[in-house]
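J.: Residue numbers (the UniProt record's numbering): 1 to 347.
All C-beta atoms, glycine included, are put in the ideal place defined by N, C-alpha and C.
I have a structure I would like to understand better, so I am pasting it below and will then ask my questions one at a time.
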């Protein structure tokens, strides 16, 4: 029952994340700065998390903060800031559909890093482990297809923009590589995050510290990158909606949920929900943004999803083996003689 609740929460968060990609593209197309968007979003999320911490920890004790924990949170924050910057710039160069397609690489990246960091075990003699390895390779091949091969446009709107297709092709490839890099670093973030939360099991405090550090780092980057003071002025339109949505749902809530899920289920479990967003992203991008839908995106996304489900199937097989082993061990260790004696006495 509790496991189902975690799954429902994770699916909801991923749907909100896809919505963020769509409205972010709308705001960036309107001229909003990538760097300032990240800065404002994290700044607002800090206030939201601060209020949440004051309420939640008013009558609860929290684990003590040590210099080692703060240093590890700072490392997570640096990774998170880089991920947010690369993701926003990548969406600006490509599309929300591309972002959701490339996010399907996250389970594969997380699986590989989890093995390297010994959060996961790999036994190539087992069927589940072989499926996870094959699924990882297939996912990477699909991501390369999405990035390098656009193919023919298959939506009506795209047929009217053949010159634009040639003009933005290089940006599309650059956006794809930026997004792939972002999701690799996000996988690394999940690994480090799990390492931290096991020693400091206070999700809201962790999220508050992380967002505070990201705000400081992103502000420094924005001040260096944006020379025009007018770029810091907000318009009360889609820009403000995008920042509020990003701060509350995509950063504050998503960060807290991911930290919590990493502690409950591990980094690979958190990463495996990303591929669910590709269908939602395609529909929202074509419907609300007028994005061009290309054959390469569909083919690559389908291959990525196949690889993803191979990884998930392999993980399910490994969990089943572990569960069967635990049941077998319990049955062997349970005392049976007294039960037989009791039955004999009753007769």
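Is the beta carbon of residue 219 less than 9 angstroms from the beta carbon of residue 46?
T.: No, Cβ-Cβ distance for residue 219 and residue 46 is not below 9 angstroms.
J.: Measure from the alpha carbon of residue 287 to the alpha carbon of each residue in 22, 9, 12 and 11, then state which is nearest.
T.: Considering only alpha carbons, the answer is 22.
J.: Would you kindly work out how many angstroms separate the C-alpha atoms of residue 26 and residue 238, rounded to a whole number?
T.: Roughly 7 angstroms separates the two Cα atoms.
J.: With burial defined as no fewer than 16 other Cβ atoms inside 10 Å of the residue's Cβ, what is the status of residue 225: buried or exposed?
T.: Label assigned to residue 225: exposed.
J.: Let me know if residue 57 comes out buried or exposed under the rule of 16 or more other beta-carbons within 10 Å of its beta-carbon.
T.: Looking at its Cβ environment, which holds fewer than 16 other Cβ atoms inside 10 Å, residue 57 is exposed.
J.: Which residues in the same chain have their Cβ closer than 7 angstroms to the Cβ of residue 111, if we skip the five residues on either side of it in sequence?
T.: Once the five neighbours on either side are set aside, the close Cβ partners of residue 111 are 120, 132, 136, 268 and 311.
J.: Closer than 8 angstroms is the cut-off here; do at least three beta carbon pairs connect the stretch 229-246 with the stretch 98-111?
T.: Too few Cβ pairs lie closer than 8 angstroms, so no.
J.: Is residue 153 helix, strand or coil by DSSP?
T.: Strand at residue 153.
J.: Report all residues from its chain with a CB closer than 7 angstroms to the CB of residue 38; omit the five preceding and five following residues, and keep chain order.
T.: These residues qualify, in order along the chain: 84, 85, 88 and 218.
J.: According to DSSP, residue 309 sits in a beta bridge with which residue or residues?
T.: Paired residues: none, contrary to the question.
J.: Just how far apart, CA to CA, sit residue 159 and residue 260?
T.: At residue 159 the pLDDT is 44, less than 50, meaning the model places this residue with poor confidence; the figure from the coordinates comes in the next sentence. The alpha-carbon atoms of residue 159 and residue 260 are separated by roughly 45 angstroms.
J.: Would you say the beta carbon of residue 118 comes nearer than 8 angstroms to a heavy atom of the ligand FMN?
T.: Because no ligand of any kind appears in the structure shown, any question about the ligand FMN cannot be addressed here.
J.: Helix or strand or just coil, what does DSSP make of residue 93?
T.: Three-state result, residue 93: helix.
J.: On the premise that residue 179 lies in contact with residue 99, defined as a C-beta separation below 8 angstroms, what is that separation, rounded to the nearest angstrom?
T.: That pair is a contact at about 6 angstroms.
J.: Can residue 242 and residue 193 be called in contact, C-beta distance under 9 angstroms?
T.: It is not a contact, given that the beta carbons lie outside the stated cut-off.
J.: Kindly identify the DSSP beta-bridge partner or partners of residue 294.
T.: Bridge partners of residue 294: 153.
J.: Within the same chain, show all residues whose beta-carbon is closer than 7 angstroms to that of residue 48, passing over the 5 residues directly before and after it, in chain order.
T.: 247, 248 and 252, listed in sequence order.
J.: Given a cut-off of 9 angstroms, decide if residue 307 and residue 130 are closer than it, judged by their beta-carbon atoms.
T.: For residue 130 and residue 307, no; Cβs fall outside 9 angstroms.
J.: Exposed or buried, residue 211, counting other C-beta atoms within 10 Å across all chains shown (16 or more means buried)?
T.: Residue 211 is buried by the Cβ-count criterion.
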